[in-house]
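A short worksheet on the structure shown next.
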Amino acid sequence: MFPLIEPLLLVFETLVYPGLAFSLIVILLTQWYVRKLYARMQNRVGPLHTGPSGLLQPLADFLKLMFKEDVAMIGGGDKLVAVLLTIAVGSLIALLLMTPLTLPLRALLGLHLVINAPFDIILALYLLVWPTVAIALAGLLSPNPFSIVGGSRVFSLTIAYEVVLALSVLTPVALISLLHGGSYSLYEASMLSWKLWLHPYTAALTSIALFTALLGLQCKLLEKPFDIPEAETEIVAGPFTEYSGPKLALILLLHDLELYVGSAIITFLFLGGPAPFFRPLWAAALTFLVKYLAVISVLTMIKAAVARFRVDQALGLFWRYVLPVALIALVLSIASPVVAPLI
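Per my numbering, the very first residue in the sequence shown carries number 84; after that it's consecutive.
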């Protein structure tokens, strides 16, 4: 085989599918779906006029921000913020390349090698943290008291929900690795996670971890009831107060990309991805899409139904209740080789 096929394919995957171009299309469509569902739950219409049923409204909003003036702040770290946001977007794109989304293209080209390695779940969790760091530093680098308060609130929440999210993600990975011969790889766990629903013990632990993962992702996205860092009635827009134009567009792009990647990982690790329809490709894609939209719908319904918490309420919820539950689920997952055969 042509020796340059792998590097060229990696570039294509990064820039086109399942990387930047494909992700941009998905997040614009996802944003349209979220806005329509959120509007429906509030007895509104949502996007309507730009494109069929308002389908192009997210794209119009993005382009509008991209062509607006980028106001530079005196004493602000504008260039550093742009670099941080770009790295955060790159980290999520890299994380996508570690999922089975790369499999259809590689199978079409006759390549059976995918991007996975033993214990690469550690790298996946590291890449997942970068967007939070970028958002928090964007607030702290802005010479505005509202932005600084918002950035500090992001860091306060981070020590709670990132731990919960990590423990939740590790639960199905540990179950797959201990019971089905995996190697703590994100790709392997994503491909085999459907087996966790075949045994009552692993199904119960997966359900618990799914619940805590959804709460962790909701907080990571700074959506209600965890939109504390950008509380409009208190601190305007929190860490985003001083940003406009292309930088604000990049911030919103990063948020929607987090929603897409986080929901896709939950779909793979907890809901079995395309299972039980791995073939043909259209059936697998349709099954994955239905599960992905189910995750998006749950997050949107939580956003529409619950009012914003205070900082102490959010931290109390995670540290007192969600974190212990996620930790117990992980511990029981590690004990699964001993306990599962007894049930």
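Note that beta-carbon positions come from the ideal geometry of N, C-alpha and C, so glycine has one too.
Under three-state DSSP, which class holds residue i?
i: Q140; result: helix
i: M156; result: coil
i: V232; result: helix
i: R362; result: coil
i: S327; result: coil
i: A219; result: helix
i: Q114; result: helix
i: V319; result: coil
i: V237; result: helix
i: S225; result: coil
i: G193; result: coil
i: P130; result: coil
i: G299; result: helix
i: L180; result: coil
i: S24; result: Residue numbering for the chain in the displayed model covers 84 to 426; residue 24 lies beyond these limits and cannot be assessed.
i: L305; result: coil
i: F85; result: Low local confidence applies: a pLDDT of 46 at F85 is under 50, so the model's placement there is unreliable, and no value is given.
i: L413; result: helix
i: V99; result: coil
i: G345; result: helix
i: P255; result: helix
i: S268; result: coil
i: D339; result: helix
Throw me the rounded Cβ distance for the residue i and residue j pair, which I believe falls under 8 angstroms.
i: E325; j: S230; result: 6 angstroms
i: V247; j: G299; result: 4 angstroms
i: A219; j: F202; result: Not really, about 27 angstroms apart at Cβ, beyond 8 angstroms.
i: K330; j: A390; result: About 29 angstroms; that fails the 8 angstroms criterion.
i: S416; j: A257; result: 4 angstroms
i: P187; j: L352; result: Not quite, the Cβ-Cβ distance comes to about 19 angstroms (not below 8 angstroms), so this is no contact.
i: S419; j: L261; result: 6 angstroms
i: G321; j: G233; result: 3 angstroms
i: L240; j: A397; result: 6 angstroms
i: Y343; j: I108; result: That pair is no contact at about 10 angstroms.
i: S346; j: I379; result: 6 angstroms
i: I176; j: T97; result: 6 angstroms
i: P226; j: M156; result: 6 angstroms
i: L337; j: A171; result: 6 angstroms
i: R118; j: G129; result: 5 angstroms
i: W277; j: A358; result: 3 angstroms
Of all the options the options, which has the alpha carbon lying nearest to the alpha carbon of residue i?
i: Y284; options: V99, V421 and P101; result: V421
i: L297; options: T350, N126 and R362; result: T350
i: L192; options: E89, V373, G356 and A314; result: E89
i: V408; options: L184, A292, P187 and G355; result: A292
i: L208; options: G222, L250 and R189; result: L250
i: M124; options: A387, D161 and G345; result: A387
i: L281; options: L184, L413 and I259; result: I259
i: Y244; options: W213, G264 and C302; result: C302
i: V252; options: L175, I176 and L269; result: L269
i: G173; options: L210, L196 and P141; result: L210
i: T295; options: F401, K147 and G134; result: F401
i: T383; options: L168, S266, D339 and V94; result: D339
i: P183; options: D310, G102 and T215; result: G102
i: T289; options: I242, A314, I311 and T254; result: T254
i: L335; options: M149, I348 and V99; result: M149
i: L180; options: G355, K162, I204 and L376; result: I204
i: E313; options: A221, K374, A287 and I198; result: A221
> In chain order, which continuous runs of the beta strand (DSSP E) of length 3 or greater are located wholly inside the segment 365-410?
Replying inline: With a minimum length of 3 residues, no continuous beta strand (DSSP E) run stays inside the segment 365-410.
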